[in-house]
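Data block below; observations after.
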Amino acid sequence: MFGALTLNLTSIIFFYAVKFLSGFGLILSIANGFLIFLDKSSEKFDKKATSIFIIVQIIVPFVFIGYAIYLVISSYFRNTLFSPGGFMLVVDILMYVYGIISLALTLYIIPLMKDKFYKGIELSKFSVFKRGAKSAARKVKKKYFTLKGNYAKVQKQDQLTVMDLLESWRIKFAINLLLIIAIGSLIFTPLAFICIIYWMRLYVFFRSERKEFERYALMIAIGIIGIIALIAPFLNLPFYTSIAQIIWTINLFYLFGISIASYVLIKSLLSLQGYTRQELKMKKKDKHIENLEKEKEELNTQLEGKND
Numbered sequence: 075m076f077g078a079l080t081l082n083l084t085s086i087i088f089f090y091a092v093k094f095l096s097g098f099g100l101i102l103s104i105a106n107g108f109l110i111f112l113d114k115s116s117e118k119f120d121k122k123a124t125s126i127f128i129i130v131q132i133i134v135p136f137v138f139i140g141y142a143i144y145l146v147i148s149s150y151f152r153n154t155l156f157s158p159g160g161f162m163l164v165v166d167i168l169m170y171v172y173g174i175i176s177l178a179l180t181l182y183i184i185p186l187m188k189d190k191f192y193k194g195i196e197l198s199k200f201s202v203f204k205r206g207a208k209s210a211a212r213k214v215k216k217k218y219f220t221l222k223g224n225y226a227k228v229q230k231q232d233q234l235t236v237m238d239l240l241e242s243w244r245i246k247f248a249i250n251l252l253l254i255i256a257i258g259s260l261i262f263t264p265l266a267f268i269c270i271i272y273w274m275r276l277y278v279f280f281r282s283e284r285k286e287f288e289r290y291a292l293m294i295a296i297g298i299i300g301i302i303a304l305i306a307p308f309l310n311l312p313f314y315t316s317i318a319q320i321i322w323t324i325n326l327f328y329l330f331g332i333s334i335a336s337y338v339l340i341k342s343l344l345s346l347q348g349y350t351r352q353e354l355k356m357k358k359k360d361k362h363i364e365n366l367e368k369e370k371e372e373l374n375t376q377l378e379g380k381n382d
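In our numbering, the protein residues as written are 75 to 382.
Printed below as a string of structure tokens:
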């Protein structure tokens with residue numbers, strides 16, 4: 075009884091963490107795709123085209139939020155992770171496979187191969203100074219490109235700022251959720267042990283000298299975990315079928331990941347365009363002052379007319 079309960083609990087925690095990171099990574103990939111497209115098309119974009127580009131970039135995340143909501147609702151009634159058949163089944167499978175592969179590669183394996191995973195912790199300590207320096211440099215570039223009328227390159231500077239912010243969030247989630255993934259992988263004890271040891275290396279034993287085999291061990295562990303996550307829904311493995319009744323909650327965490335990343339993306343884009351809460355309040359206040367001045371002028375005109 076206790077063993078079955080532990081299996082269910084660790085399985086659900088495992089998929090919660092994986093799907094959350096998958097959802098967040100999806101929006102990060104989309105933002106990166108927009109950046110590449112903007113970079114390739116910068117010479118062809120005028121001010122109007124750049125404005126349309128920004129609007130499209132704001133709308134697209136809502137499409138994926140809608141898709142995630144659909145997954146939550148449909149899986150609630152079916153107790154399965156995917157649609158029963160047809161076009162949506164293909165879409166569900168492709169999105170799931172892409173999410174797991176991109177999660178394993180971009181969040182863990184590639185940064186570990188390039189030894190950037192551990193450096194992400196070190197660089198995050200200086201992130202405020204680093205962001206400030208980049209922000210100042212990009213403001214200068216924005217003014218220069220604005221004077222030249224190259225609005226696509228102006229937007230590219232904003233795009234790079236947004237990407238930096240999303241990337242910093244990605245690093246934080248990847249590192250902090252490594253422990254959650256480890257807990258969820260307890261049924262695969264050696265893999266969980268490797269993840270826990272590396273997480274402790276980052277937060278507890280960070281002063282001691284790092285060993286090369288540690289990051290290679292984590293790369294292998296994440297690779298195996300990714301493969302297990304990929305095949306589990308299709309082979310009906312015991313630990314997967316045991317959570318069939320609450321499978322919809324896994325898609326709920328997918329929705330959370332997409333929603334949080336979309337919020338960061340959209341808020342940053344609007345903020346860089348001058349649509350912050352403070353800016354909107356100031357514009358509303360200026361408009362109110364302008365209206366009062368017009369009313370004052372009208373009253374003065376009426377008074378002058380009566381005196382005549």
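C-beta: ideal position from N, C-alpha, C; glycine also.
Note on the stretch 301 to 343: whole alpha helix (DSSP H) runs with a minimum of 4 residues are 312 to 315, in chain order. Pairing S148 with F108, the inter-Cα distance amounts to about 30 Å.
In the DSSP assignment, Y170 falls within the alpha helix (DSSP H) that extends over F161 to S176. Take the alpha-carbon of I255 and the one of Y170: they are about 17 Å apart.
As the crow flies, the alpha-carbon of L239 is around 34 Å from that of Y150. V278 carries a coil assignment under DSSP once its states are collapsed to helix, strand and coil. At a Cβ-Cβ threshold of 8 Å, L292 and I268 count as neighbours. For N250, the secondary structure class from DSSP, reduced to helix, strand or coil, is helix. Here F111 is exposed. Its C-beta has fewer than 16 other C-beta atoms within 10 Å.
DSSP places I255 within a helical segment (H, G or I) once states are collapsed to three. Using a Cβ distance threshold of 8 Å, I87 and G297 do not count as a contacting pair.
Judged by beta-carbon spacing, G97 lies beyond the 8 Å limit of T180, meaning their Cβ atoms are not closer than that value. A straight line joining the alpha-carbon of Q347 with that of L102 spans about 20 Å. Here the alpha carbons of I334 and S115 stand approximately 28 Å from one another. In the structure shown, F94 falls within a helical segment according to DSSP collapsed to helix, strand and coil. When only Cα atoms are considered, F94 and I332 end up about 8 Å apart. Taking the C-beta atoms as reference points, V236 is found no nearer than 8 Å to S336. L260 carries a coil assignment under DSSP once its states are collapsed to helix, strand and coil. A Cβ-Cβ contact shorter than 8 Å links W322 with V146. Its chain contains F327 as the residues whose beta carbon lies nearer than 6 Å to that of Y90, once the 5 sequence neighbours on both sides are disregarded; these appear in chain order. A straight-line Cα-Cα distance of about 25 Å links D189 and F262. Of the residues assessed, T375 falls on the exposed side of the cut-off, its CB having fewer than 16 other CB atoms within 10 angstroms.
Sixteen is the threshold: when 16 or more other Cβ atoms of the shown chains lie within 10 Å of the Cβ of Q233, as they do, the residue is buried. Between I104 and V134 the beta-carbon gap is near 6 Å, inside 8 Å, which marks them as a contact.
Scanning P264, Y141, A123 and N106 for the CA closest to the CA of L329 turns up Y141. With fewer than 16 other beta carbons inside 10 angstroms of its own, N250 counts as exposed. Per DSSP, the unbroken alpha helix (DSSP H) holding K122 starts and ends at K121 to R152. Each of S85, I143, I126 and R244 was checked against the Cα of S176, and the nearest Cα belongs to R244. With a contact defined as Cβ atoms closer than 8 Å, A295 and L265 qualify at about 5 Å. The C-beta of N325 has 16 or more other C-beta atoms within 10 Å across all chains shown, which makes the residue buried.
Here F138 has I332 as same chain residues with Cβ atoms under 6 Å from its own Cβ, once five neighbours each way along the sequence are excluded.
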